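Q:
Protein chains: 2
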Amino acid sequence: MSPKITTELLKQLRQVMKNPKYVQEPVQAYIVPSGDAHQSEYIAPCDCRRAFISGFDGSAGTAIVTEQHAAMWTDGRYFLQAAHQMDNNWTLMKMGLKDTPTQEDWLVTVLPEGSKVGVDPFIIPADQWKRMSKALRSAGHDLVPVKENLIDTIWTECPQRPCKPLITLDLSYTGISWRDKIVALRSKMAERKVMWFVVTALDEVAWLFNLRGSDVEYNPVFFAYAVVGMNTIRLFIDGDRIMDPAVREHLQLDSTLEPEFKIQVLPYGSILSELQAVGAGLSPKEKVWLSDKASYALTEAIPKAYRYLTPYTPICIAKAVKNAAETEGMRRAHIKDAVALCELFNWLEKEVPKGTVTEIIAADKAEEFRSQQKDFVELSFATISSTGPNGAIIHYKPVPETNRTLSVNEIYLLDSGAQYKDGTTDVTRTMHFGTPSAYEKECFTYVLKGHIAVSAAIFPNGTKGHLLDSFARSALWDCGLDYLHGTGHGVGSFLNVHEGPCGISYKTFADEPLEAGMIVSDEPGYYEDGSFGIRIENVVLVIPAETKYNFKNRGSLTFEPLTLVPIQTKMIDVNLLTEKECNWVDEYHQKCREVVGAELERQGRHEALQWLLRETEPLARVQ
Amino acid sequence: MSPKITTELLKQLRQVMKNPKYVQEPVQAYIVPSGDAHQSEYIAPCDCRRAFISGFDGSAGTAIVTEQHAAMWTDGRYFLQAAHQMDNNWTLMKMGLKDTPTQEDWLVTVLPEGSKVGVDPFIIPADQWKRMSKALRSAGHDLVPVKENLIDTIWTECPQRPCKPLITLDLSYTGISWRDKIVALRSKMAERKVMWFVVTALDEVAWLFNLRGSDVEYNPVFFAYAVVGMNTIRLFIDGDRIMDPAVREHLQLDSTLEPEFKIQVLPYGSILSELQAVGAGLSPKEKVWLSDKASYALTEAIPKAYRYLTPYTPICIAKAVKNAAETEGMRRAHIKDAVALCELFNWLEKEVPKGTVTEIIAADKAEEFRSQQKDFVELSFATISSTGPNGAIIHYKPVPETNRTLSVNEIYLLDSGAQYKDGTTDVTRTMHFGTPSAYEKECFTYVLKGHIAVSAAIFPNGTKGHLLDSFARSALWDCGLDYLHGTGHGVGSFLNVHEGPCGISYKTFADEPLEAGMIVSDEPGYYEDGSFGIRIENVVLVIPAETKYNFKNRGSLTFEPLTLVPIQTKMIDVNLLTEKECNWVDEYHQKCREVVGAELERQGRHEALQWLLRETEPLARVQ
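Protein chains in written order, with our numbering: chain D, 1377 to 1999; chain X, 1377 to 1999.
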């Protein structure tokens, strides 16, 4: 990797920062955040403005360019990568280190008195704007919105915003029609006494209308906004895709409908002016509901007194609780995904000893097997296929420069998943194709104990996921080990593989309580720099638990694994497991055998079935 | 309990709310919070203004009186008590219930347009002021500070503010001199670039100067403030107590000292004017450090741009980490406390079957045995002595109306503690003096499993206490049970039995990480309304743990029990314990035997020693 040469680009940017064509007054600093106008985790190429200006293309980072300086804030995952990708024009600001200034503090240090700091108001979330604006104002500077994105003005070869065809999902996939979702949303709006709801997150628009797209890699979403009133529905979306007869039929665009279900389709770019018109026409007490992560531009369109901001929207919360059709779809998707992985691991077992399988080949093979399954759409994230020391890099993705050959001497970690029309998968298995060392088995077994402790946990209704995080670490902590990431994230239903509002992490305190029907991942790990990485990840469904007693009639919850892929018993040190843990492993494997075995049989995949049967033998108990 | 008749008092209060002698403009509402000017948990009789005006004397509650209404907000612990103690003039606002309005919302509903809401600025913490003021302002009202406390103007028989003699603590108790504490504080101030630090919490003043008092029941503190500059120390304290030669000597008031250690003693009541003078004399960049819980009056004395507010002060954090002298003192105090409880339980075992021991008698007897121990000062909180259904009332305190006789048929729960000059204790034991039922044993054993899970937990340096809370609940959760309180609180060293900044609770997210030397309680429980209560509480010291590995060189921590009182084995269902848990109980009892046994021997308390030996027999293991 050689760094991107940015001298000329920075010169151009500094010119437009003073160009009255783009800025009312010159700005002395310009902020380039990571996100898009929807605060998406994954973004389209046209939104990779920070990568364009700096060369650094990690998933998290904020660039700030002043007349004299160019600085990049990113976190520990990306220190190395950012340092490699950026040239000497850039200063790397390592977030989380004690001496690293915040963006606000740094700006205050470097800016001349009374400076203007510019930012695209569509890209910066309202809560961040508020914080930064306050800090700058108290130091005598001003944060100002710059309507035209200044990077776009110098990005001559900026890719087009994607505008791919839409997929309509019928009731058998969604379980509930978009009309009924609108009805439920309006009832939540009435509860909170708001008259309008603005849908800004892409997965929320997709979920609400039972549509999917492919504008962003890995995330089956499309660029759109929606504004739902008590009697109106406005969908802001570009392109011919809305002319597709299937989409028109699905949205009943050409039918005579009750007026409150009539969808008015408007250009994507008109959201701001339409919202401003809504804002201008509000009568007293008419509130407008927005996520507090919505962009500053859209938030400002509504006068402050009329805004109703919440960290999680009612759609985010409704979307997280999967209905029966979605749950069944997720089950089907996970069975197909398990079939593909049985094929893959069977193939690896044969091929790895030959020394011809690299991380990239293994990842491609995994995709090949997945793509053979019904309703496969695409991967749900970039496959983490890593062997030996690469496994210790938590967000590793094999590239030719790092690509390592799998061998019988190293641990192999595969974290991968797919989008099927009926569900989203995300599974990690850690395998050894030779003979693991006692130490590797010991570490694997602690991770497994943590995985089981979460998966088998019983907890009261109303418990937040972060209260379960320590269960995943306890066995590792006992011998002085740990892992530096959260234990689980919410998973969408043929939607984003990471979604709120629930999760299992020591870091997340704003999570919503777990509820039956929610789906999260359970993925503790252990990583030894320069040696190996271990992670065991299942996607699990929150289900009601039967308990002996029922305190205050609250009811209890537990998890059911949706992922049904064998956990390599060769890696387990049975001496370190309790009887209960051994039983959990055996019962899990029995279920893999029955459910996935039947599907392998049905698909005539006999060799993979044999592999599954071998891998799901009961544990040899200690005498 | 008959309610307090408040008609006349409310009439008087409503008059002074309009009396220009006390208010610049009439106030349409007056808020009477619970606290004192130091935001203490326990308050002196002269500060019980809310109890005076309403009759309700629970530990938490806020009264608001308007021209037409009088309303009291309190939480679930006190719904019953408040309803009993207040007359019909009052509306009870049950906090935590869905339909209960917040104070702000209620005020907005009942107040005429453009109202003034008064409050004593010394009693309301700055963060609460800010929140309430904002909410009222946005509805067109004003929160205004009323200098003279309006309750005091009508409280003709208001008790004097206590002004009891001080106790000086030498190095053998404190481990570090007040001069060195000032040096350490100034170095923290220099780190944060602040020039002044205002000590507002009573236990922080006491700790800083190695002084104790008895102005407030159970808490060995005295009414005072301090303002520490980089070169000055001002102590605001009333009374002759500062003329005591021992105190003068301790504070070196009459010695020739370097000027930066010279303590200037000023009247308690002059804090505001002195702080205003400090505030007026600040040069740019001279910041003043205050707790964000400090009163609005003191916070306002410093112009906003000069304030440096933090949730925990450097004294709060330093005080929480006990040094060797304090730890040794706490150990000694806990041994003496165990001696007293062995005596008590031995006595109860003989007396309870006679049917003559009531909850109050048992509590008094506990105090009697404790008071026989060296350096005993007072109890550390009101003893919770409860049998049968009273045990299910978590904050129960026996009074003649509820006083129940202990019997061989009911579970007895005793939560009690004392202040010794060398340390503070807080211990809960749950006993049966007859034959417990299988169900009672089952519940007790789950609670014990939770207690052990926390006590034996090993966790990395830097872990916050709230991450351990679920360990205490896991065994209960497994069978659908739980308890509705936190698991642990910080404990002072001959100081408040509840102190920040650490704790173990699902509720506390603002806690500071646990560090070796911190002391917390470990007290899971289970309560069955109308039947019984179970709680097992030890005070435990955070200590370094030896582990097999040491991830990222972070080091690990665990707990050492300071409390050494047998856990009644009769209540344990050994079938429900793992081998590890059995070993924990046996080792704990072995330590009680050795350490407390030696002290019982030394004190010639032979009968109690025999009781201890019987109660610490190893568990009969299941074959």
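We put the beta carbon where it would ideally sit given N, CA and C, even for glycine. Every value quoted in this text rests on a predicted model; they were computed, and no experiment measured them.
Find out if the Cβ-Cβ distance for the pair W1466/D, A1446/D is shorter than 8 Å.
A: The residue you call residue 1466/D lines up with position 90 of the first sequence. The residue you call residue 1446/D lines up with position 70 of the first sequence. Cβ atoms of W1466/D and A1446/D: closer than 8 Å.
Q: Please name the residues in the segment 1914-1932 of chain D whose beta-carbon is closer than 9 Å to at least one beta-carbon of chain X, in chain order.
A: A1921, E1922, T1923, K1924, Y1925, N1926, F1927, K1928, R1930, G1931 and S1932
Q: Quick one: Cα of A1329/X to Cα of T1576/X, how far?
A: This structure cannot speak to residue 1329/X, because chain X is shown only from 1377 to 1999.
Q: Pull the bridge partners of V1392/X from the DSSP assignment, please.
A: Taking the second sequence and counting its residues from 1, one reaches residue 1392/X at position 16. The partner list for V1392/X (beta bridge, DSSP) is empty, contrary to what the question assumes.
Q: For W1466/D, does the three-state DSSP call read helix, strand or coil?
A: For the purposes of this step, residue 1466/D is taken as the residue at position 90 of the first sequence. Looking at W1466/D - three-state DSSP - the assignment turns out to be coil, as it is neither helix nor strand.
Q: Looking at the strands, I want to know which residues DSSP matches up with L1917/D.
A: Position 541 of the first sequence, counting from 1, holds the residue named residue 1917/D. L1917/D is bridged to I1895/D and E1936/D.
Q: Rounded to whole angstroms, how far is the Cβ of V1592/D from the Cβ of V1574/D, which I believe are closer than 8 Å?
A: What you label residue 1592/D is simply residue 216 of the first sequence in a count that begins at 1. What you label residue 1574/D is simply residue 198 of the first sequence in a count that begins at 1. About 20 Å separates the two Cβ atoms, so there is no contact after all.
Q: For chain X, find out if any of its Cβ atoms is closer than 8 Å to the Cβ of S1846/D; answer yes or no.
A: Translated into positions along the first sequence, residue 1846/D becomes position 470. For S1846/D, the answer is yes, since a Cβ of chain X falls inside 8 Å of its Cβ.
Q: Going by beta carbon distance, what residues of the same chain come within less than 8 Å of I1530/D, once the five residues before and after it are set aside?
A: Taking the first sequence and counting its residues from 1, the one referred to as residue 1530/D is at position 154. Excluding residues within five positions, the ones whose Cβ falls inside 8 Å are L1385, Q1388, L1389 and V1392.
Q: Consider the Cβ of C1968/X: report whether some Cβ of chain D lies at a distance smaller than 8 Å.
A: Position 592 of the second sequence holds residue 1968/X. No, because no Cβ of chain D sits closer than 8 Å to the Cβ of C1968/X.
Q: Quick one: what's got a C-beta closer than 6 Å to I1609/X's C-beta in the same chain, skipping five residues either side?
A: Counting from 1 along the second sequence, the entry for residue 1609/X is found at position 233. Around I1609/X: I1639.
Q: Report back the beta-carbon spacing between G1434/X and A1458/X to the nearest angstrom; my notes put them in contact at under 8 Å.
A: For the purposes of this step, residue 1434/X is taken as the residue at position 58 of the second sequence. For the purposes of this step, residue 1458/X is taken as the residue at position 82 of the second sequence. The pair is a contact, with the Cβ atoms about 6 Å apart (cut-off 8 Å).
Q: Taking only beta-carbon positions, decide if L1857/D is within less than 8 Å of chain X.
A: For the purposes of this step, residue 1857/D is identified with residue 481 of the first sequence, where counting begins at 1. Cβ-Cβ to chain X under 8 Å: yes for L1857/D.
Q: Could you spell out the range, first to last residue, of the beta strand (DSSP E) harbouring L1755/D?
A: For this step, residue 1755/D is matched to residue 379 along the first sequence. Note, L1755/D: beta strand (DSSP E), F1752 to L1755.
Q: Which partner residues of F1835/D appear in the DSSP bridge assignment?
A: For this step, residue 1835/D is matched to residue 459 along the first sequence. According to DSSP, which records beta bridges pairwise, F1835/D is partnered with L1933/D.
Q: Since P1836/D and D1858/X are thought to touch, with beta carbons under 8 Å apart, how far apart are those beta carbons, to the nearest angstrom?
A: Position 460 of the first sequence holds residue 1836/D. Position 482 of the second sequence holds residue 1858/X. Here P1836/D really is in contact with D1858/X; their C-beta atoms are around 5 Å apart, less than 8 Å.
Q: Is there at least one Cβ from chain X nearer than 8 Å to F1835/D's Cβ?
A: Reading the first sequence from its first residue, position 459 is the one you call residue 1835/D. Taking Cβ atoms only, chain X reaches closer than 8 Å to F1835/D, which makes this a yes.
Q: Please report the distance separating the alpha-carbon of D1854/X from that of P1541/D.
A: Residue mapping note: residue 1854/X aligns to position 478 of the second sequence, counting from 1. Residue mapping note: residue 1541/D aligns to position 165 of the first sequence, counting from 1. Those two C-alpha atoms are separated by around 49 Å.
Q: Could you tell me the distance, in whole angstroms, from the CA atom of I1558/D to the CA atom of L1584/D?
A: Taking the first sequence and counting its residues from 1, the one referred to as residue 1558/D is at position 182. Taking the first sequence and counting its residues from 1, the one referred to as residue 1584/D is at position 208. Those two C-alpha atoms are separated by around 7 Å.
Q: Is the beta carbon of R1911/X sitting closer than 8 Å to the one on T1806/X?
A: In the second sequence, residue 1911/X corresponds to position 535, counting from 1. In the second sequence, residue 1806/X corresponds to position 430, counting from 1. Yes; because the gap between Cβ atoms is below 8 Å, this pair is in contact.
Q: Rounded to the nearest angstrom, what separates V1597/D and N1872/D at their Cα positions?
A: By one-based count along the first sequence, residue 1597/D stands at place 221. By one-based count along the first sequence, residue 1872/D stands at place 496. So the alpha carbons of these two residues sit roughly 8 Å apart.
Q: At a Cβ cut of 7 Å, what residues of the segment 1545-1569 of chain X count as close to chain B, listed as they run along the chain?
A: Looking at the structure shown, chain B is missing, and the protein chains on hand are D and X.
Q: Mind checking who M1606/X pairs with in its DSSP beta bridge?
A: The residue given as residue 1606/X occupies position 230 in the second sequence. Answer by DSSP bridge pairing: none, since M1606/X is not bridged.
Q: DSSP state of R1911/X, grouped into three classes?
A: In the second sequence, counting from the first residue as 1, residue 1911/X sits at position 535. R1911/X falls in the strand class under three-state DSSP.
Q: Go ahead and pull the three-state DSSP assignment for F1432/X.
A: What you label residue 1432/X is simply residue 56 of the second sequence in a count that begins at 1. Looking at F1432/X - three-state DSSP - the assignment turns out to be coil, as it is neither helix nor strand.
Q: Give me the chain X residues within the contact set of D1854/D, using Cβ-Cβ distance strictly less than 8 Å, ordered along the chain.
A: If you number the first sequence from 1, residue 1854/D lands on position 478. I1834 and T1923, listed in chain order.
Q: Looking at the C-beta of L1473/X, does it have a partner C-beta in chain D at a distance below 8 Å?
A: Mapped onto the second sequence, residue 1473/X falls at position 97. No, L1473/X lies away from the interface with chain D (no Cβ there is under 8 Å from its Cβ).
Q: Between the Cα of A1600/X and the Cα atoms of S1378/X, A1677/X, K1797/X and L1642/X, which residue gives the shortest distance?
A: As a first step, residue 1600/X is located in the second sequence; it is residue number 224 there, counting from the start. Considering only alpha carbons, the answer is L1642/X.
Q: Per the contact definition of three or more C-beta pairs closer than 8 Å, is the segment 1709-1729 of chain X in contact with the segment 1937-1946 of chain X?
A: yes
Q: In whole angstroms, what separates the C-alpha of L1952/X from that of C1958/X?
A: Here residue 1952/X corresponds to residue number 576 of the second sequence, with the count starting at 1. Here residue 1958/X corresponds to residue number 582 of the second sequence, with the count starting at 1. Looking at the two C-alpha atoms, the distance is approximately 10 Å.
Q: Cβ of E1702/X within 8 Å of Cβ of T1550/X?
A: Translated into the one-based positions of the second sequence, residue 1702/X becomes position 326. Translated into the one-based positions of the second sequence, residue 1550/X becomes position 174. Contact: yes.
Q: Does the separation of the CB atoms of V1961/X and V1998/X fall below 8 Å?
A: For the purposes of this step, residue 1961/X is identified with residue 585 of the second sequence, where counting begins at 1. For the purposes of this step, residue 1998/X is identified with residue 622 of the second sequence, where counting begins at 1. Contact: no.
Q: Kindly give me the distance between the Cβ atoms of A1738/X and L1789/X, rounded to whole angstroms, as I take these residues to be in contact under 8 Å.
A: Taking the first residue of the second sequence as position 1, residue 1738/X is located at position 362. Taking the first residue of the second sequence as position 1, residue 1789/X is located at position 413. Not quite, the Cβ-Cβ distance comes to about 11 Å (not below 8 Å), so this is no contact.
Q: In three-state terms, what does DSSP make of G1767/D?
A: Locating residue 1767/D in the first sequence gives position 391, counting from the first residue. It is helical.
Q: Distance cutoff 8 Å, beta carbons only. Does L1952/D sit that close to anything in chain X?
A: What you label residue 1952/D is simply residue 576 of the first sequence in a count that begins at 1. So, not an interface residue.
Q: Look up E1401/X in the DSSP assignment and say whether it is helix, strand or coil.
A: Residue mapping note: residue 1401/X aligns to position 25 of the second sequence, counting from 1. If DSSP states are grouped into helix, strand and coil, E1401/X belongs with coil.
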